[in-house]
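Q:
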Amino acid sequence: MSANESPAGRQPTATYDSAFLKACRREPVPHTPVWFMRQAGRSLPEYRKVREGVAMLDSCMRPDLVTEITLQPVRRHGVDAAIYFSDIVVPLKAIGIDLDIKPGVGPVVEQPVRTRADLARLRDLTPEDVAYVTEAIGMLTDELGATPLIGFAGAPFTLASYLVEGGPSRTYENAKAMMYGDPRLWADLLDRLADITAAFLKVQIEAGASAVQLFDSWAGALAPVDYRRSVLPASAKVFDAVADYGVPRIHFGVGTGELLGLLGEAGADVVGVDWRVPLDEAARRVGPGKALQGNLDPTVLFAGTEAVETKAREVLESAAGLEGHVFNLGHGVMPSTDPDALTRLVEYVHEQTVR
Numbered sequence: 015m016s017a018n019e020s021p022a023g024r025q026p027t028a029t030y031d032s033a034f035l036k037a038c039r040r041e042p043v044p045h046t047p048v049w050f051m052r053q054a055g056r057s058l059p060e061y062r063k064v065r066e067g068v069a070m071l072d073s074c075m076r077p078d079l080v081t082e083i084t085l086q087p088v089r090r091h092g093v094d095a096a097i098y099f100s101d102i103v104v105p106l107k108a109i110g111i112d113l114d115i116k117p118g119v120g121p122v123v124e125q126p127v128r129t130r131a132d133l134a135r136l137r138d139l140t141p142e143d144v145a146y147v148t149e150a151i152g153m154l155t156d157e158l159g160a161t162p163l164i165g166f167a168g169a170p171f172t173l174a175s176y177l178v179e180g181g182p183s184r185t186y187e188n189a190k191a192m193m194y195g196d197p198r199l200w201a202d203l204l205d206r207l208a209d210i211t212a213a214f215l216k217v218q219i220e221a222g223a224s225a226v227q228l229f230d231s232w233a234g235a236l237a238p239v240d241y242r243r244s245v246l247p248a249s250a251k252v253f254d255a256v257a258d259y260g261v262p263r264i265h266f267g268v269g270t271g272e273l274l275g276l277l278g279e280a281g282a283d284v285v286g287v288d289w290r291v292p293l294d295e296a297a298r299r300v301g302p303g304k305a306l307q308g309n310l311d312p313t314v315l316f317a318g319t320e321a322v323e324t325k326a327r328e329v330l331e332s333a334a335g336l337e338g339h340v341f342n343l344g345h346g347v348m349p350s351t352d353p354d355a356l357t358r359l360v361e362y363v364h365e366q367t368v369r
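In this note's numbering, the protein residues as written are 15 to 369.
1. Over what stretch of residues does the beta strand (DSSP E) that includes Pro121 continue unbroken?
2. Quick check: the segment 155-167 against the segment 201-216, are there 3 or more CB pairs under 8 Å?
3. What ranges does the alpha helix (DSSP H) occupy inside the segment 78-148, keeping only unbroken runs of at least 4 residues that lie completely in it?
4. Using C-beta distances below 8 Å, list every residue in its chain close to Lys107, excluding the 5 sequence neighbours before and after it, in chain order.
5. Use the C-beta contact count for Glu220: other C-beta atoms within 10 angstroms, 16 or more gives buried, fewer gives exposed.
6. Tell me, which residues are paired with Gln307 by DSSP?
7. Using a Cβ-Cβ cutoff of less than 7 Å, which residues in the same chain neighbour Phe367 once the five nearest sequence positions on both sides are dropped?
8. Which same chain residues, not among the five before or five after Pro349, have their C-beta less than 8 Å away from its C-beta?
9. Using the Cα positions of Pro21 and Asp258, report the straight-line distance between them to the nearest angstrom.
10. Which residues in the same chain as Thr351 place their Cβ atom closer than 6 Å to its Cβ, once the five residues preceding and following it in sequence are excluded?
11. Can you confirm whether the segment 200-209 touches the segment 236-249 when touching is taken to mean that 3 or more C-beta pairs between the two stretches lie within less than 8 Å?
12. From Ala233 to Gly152, what does the alpha carbon distance come to, in whole angstroms?
13. Helix, strand or coil, according to DSSP, for Gln25 in the structure here?
14. Distance check for Val261 and Arg24, CA to CA, integer angstroms please.
15. Is it true that the CB of Val300 sits closer than 8 Å to the CB of Leu274?
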């Protein structure tokens, strides 16, 4: 089922006619919708306050905290969509992988996945494993009303990179060594992760998420031929697994200018674009039938209001001919960003695009 159809047997929800979902479905919108990756996070003083003394993964498992943190940028910035507060490694933690998110480092896996025997540790994810997600999304949809909630997950390649490397990497030498040197083990690893990721997205959609985004944060490290052969099948499996829900599916990676067509081919309804490729050129690479999301450089927000508006206008002009456009940054909000700059940017985009 495409995102242009209401799910079979369901009446449109309160969010169905929102600007965000209309843009994802490539329908006329009252204004260009705006949301920001990492809009709920360290750039907000209210976020830092509620997170005091609470470890990252613990905060992801507390429905009260998840609800409050997810709502904070909606209240402050007036964005057109909320994104569920979590982390891409949460489903791995939920199935028993020994990992932690270390401040200043990121996810660290105690025992990396390097052999076929290690695959046995990647059991299926059940809704009971993440009951706190169902509870939190129920609380959020009650609070958000007509504002859509975006669920999300990490894509199989990015999750595999963390698991095989044991943590963040700049070169991905262990992950790529497995991909090139033991392609059957690599394919089985990504297939297992695709099942886990799909199960995690299904929980979020069934709890009330109006759209989902698959973050393949590190896919830009791959050549197109390697992405097509060794990664695309697993991502496509995830998108296909949630297709019948009829919610828009967004696909985003960093440094993926050479992969944009493949990101769309994997099954996304909306392709996220980082700041390196103008949206009109991105549309040419992706091809027809897809909405685009993006793509202001996050560092522009440090340059002052005039510069932000100039660059935002360039993004909007580049998007003028698109079938559907969701305004976003080309990556996540940086922690030292002035929150007021984000609020002003939302207002500016709304004012410039009102129809």
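Glycine included, C-beta positions come from ideal geometry on N, C-alpha and C.
A: Straight from the coordinates:
1. Gly120 to Val123
2. yes
3. 104-108
4. Leu71 and Leu113
5. exposed
6. Gly286 and Val340
7. Residue 367 is actually Thr in this sequence, not Phe. Excluding residues within five positions, the ones whose Cβ falls inside 7 Å are His45, Thr46 and Leu330.
8. Gly55, Arg56 and Ser57
9. Its pLDDT being 44, under 50, Pro21 is placed unreliably by the model, and the measurement read from it follows with that caveat. Going by the C-alpha atoms only, they are around 7 Å apart.
10. Ser57 and Leu315
11. yes
12. 32 Å
13. Caution is warranted here: a pLDDT of 40 is assigned to Gln25, below 50, making its placement in the model unreliable, and no coordinate value can be reported.
14. Its pLDDT being 43, under 50, Arg24 is placed unreliably in this model, and the coordinates cannot settle the point.
15. yes
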